[in-house]
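Read the structure below first, then the notes.
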Amino acid sequence: QTPGAHTALDAAPAQLPVAVIGAGAMGSGIAQVAAQAGHPVVLVDSQDGAADRAVAKLAGTFDTLVSKGRVTREDADATLARITTHTTRDMTTVPPVGLVIEAVVEQIDVKRAIFRQLEEAQAPTTVLATNTSSLSIDAISGEATTGHDAALHGGVSPALAHPGRVLGLHFFNPPALMKLVEVINGAASDPDILAAATDLVRRWGKTPVRCTSTPGFIVNRVARPFYGEAQRMVADGIVDAATVDLALRGAGFRMGPMELTDLIGQDVNYAVGESVWHQTGQDPRYEPTAYQRDLVREGRLGRKSGHGVFRYDDSGTPLDA
Ligand code: NAI
């Protein structure tokens with residue numbers, strides 16, 4: 006590492022525009038965090054109206070925060086004014102920025118295509134980060150040459166020309182409230198960029214933790230048995246879902262595994278589980294459960310669909326609590 010080496014991330018917030026790709030649960034929250042820190046943000050989504058809906062929802066959140074006296078009207082308006090939206094599937098149309106944070110679906114092919122298009126259009130100094138929960142940074146940048154990573158990209162698509170500026174910035178749900186950000190390096194990630202990214206998220210008021218690209222990184226790997234064992238116990242009729250959560254909350258966890266997967270999204274959490282399981286050569290310790298697969302198949306995705314393990318009203322408040 007070159008001490009003090011300059012990267013795009015060292016610029017003052019107003020001079021470091023950020024693009025967030027994907028305006029779902031995570032992307033909209035990450036856009037909020039970056040805009041609150043003073044960056045101009047473009048929020049990009051492929052679905053018509055998705056980015057605008059995310060900003061409208063954010064405006065509603067700020068109205069509540071202003072009414073509670075937690076944010077001033079001026080700060081709220083200034084933050085919202087920094088966010089613009091862009092609807093496209095073609096990432097070469099994203100305006101030039103210093104940092105991209107990708108938060109689209111957890112599918113390797115989709116992410117790889119996005120990174121290749123970003124590389125085509127953005128300057129070589131632009132830092133390209135992914136919010137992936139579980140996919141290999143090397144598979145996304147195309148650097149992976151062995152094992153499951155290689156199988157994931159099958160050698161069909163070429164590696165990026167500048168994989169050094171690719172890293173993981175893994176936020177937690179909801180990004181505006183959760184302090185932790187896992188800063189993930191791939192094999193090729195530039196140490197100066199990793200150091201600068203760590204400093205940047207610290208300046209955003211977050212707690213960065215460094216981790217090398219490994220299935221599930223730290224939190225999602227350690228948490229797989231937390232979710233899986235709870236689901237197996239419920240599926241086997243040993244205990245009901247509400248009681249599992251009550252027990253784990255009583256033991257000091259902020260949330261139980263059943264309500265937490267409803268918050269994350271059963272589909273998102275299942276995809277992460279599958280990814281960790283495949284990347285570990287189908288290690289039985291991480292095998293996804295039939296219970297969760299069935300929830301996903303039935304469209305019981307959690308708070309976002311109004312019904313997961315538990316039922317929710319339109320504002321996401323649990324009905325059966
Ligand atoms: P989501 O399903 O809420 O949002 C994804 C958004 O990406 C949707 O608005 C969709 O229209 C958009 N999108 C899909 N394909 C696209 C494309 N090709 N170009 C542009 N936009 C596209 O998903 P969520 O929960 O926000 O997750 C996003 C990423 O963040 C995933 O990689 C997930 O694993 C990761 N993540 C999720 C967490 C969670 O608790 N939900 C926590 C941490 C990471």
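Read in UniProt numbering, the sequence shown has 293 at position 288, and its numbers run on one by one without any break.
Where a beta carbon is used, it is the ideal one built from N, C-alpha and C, also for glycine.
Source: prediction; values computed, not measured.
What is the rounded straight-line gap between the Cα of residue i and the Cα of residue j?
i	j	result
methionine 238	isoleucine 35	34 Å
methionine 31	alanine 202	18 Å
glutamate 125	alanine 247	49 Å
residue 1	alanine 144	Given that the chain is displayed from residue 6 to residue 326, the structure contains no residue 1 and the question cannot be resolved.
proline 323	aspartate 267	10 Å
alanine 16	histidine 44	10 Å
tyrosine 317	valine 249	18 Å
valine 23	threonine 12	14 Å
alanine 134	phenylalanine 67	27 Å
valine 25	histidine 91	10 Å
valine 301	lysine 211	32 Å
leucine 14	asparagine 178	24 Å
glutamine 122	threonine 98	9 Å
glutamate 264	valine 115	29 Å
aspartate 204	valine 102	18 Å
Taking buried to mean at least 16 other C-beta atoms within 10 Å of its own C-beta, is residue i buried or exposed?
i	result
alanine 276	buried
threonine 77	exposed
glutamate 107	buried
proline 289	exposed
alanine 193	buried
arginine 87	buried
lysine 62	exposed
serine 72	exposed
What is the C-beta distance between residue i and residue j, in whole angstroms, given that I count them as a contact (C-beta under 8 Å)?
i	j	result
phenylalanine 120	leucine 172	Phenylalanine 120 to leucine 172, Cβ: 12 Å. No contact.
valine 214	leucine 185	6 Å
threonine 285	proline 220	5 Å
alanine 28	aspartate 50	4 Å
Problem - Every unbroken beta strand (DSSP E) within the stretch 112-146, with a cutoff of 3 residues, ordered by chain - result: Entirely contained in the stretch 112-146, the beta strand (DSSP E) runs reaching 3 residues are, in chain order, 132-135.
Handout entry: Runs of alpha helix (DSSP H) wholly within the stretch 292-320 (minimum 4 residues, chain order)
Key = Those alpha helix (DSSP H) runs which fall completely within the stretch 292-320 and span 4+ residues are 295-302.
Problem - Complete beta strand (DSSP E) runs within the stretch 73-115 (minimum length 3 residues, chain order) - result: Counting only runs of 3+ residues, the beta strand (DSSP E) found wholly inside the stretch 73-115 occupies 88-92, 104-107, in chain order.
Practice task
List in chain order: all unbroken beta strand (DSSP E) runs of 3+ residues lying wholly within the stretch 174-233.
Solution key: As far as the stretch 174-233 is concerned, its whole beta strand (DSSP E) runs of at least 3 residues are 185-190, 212-217.
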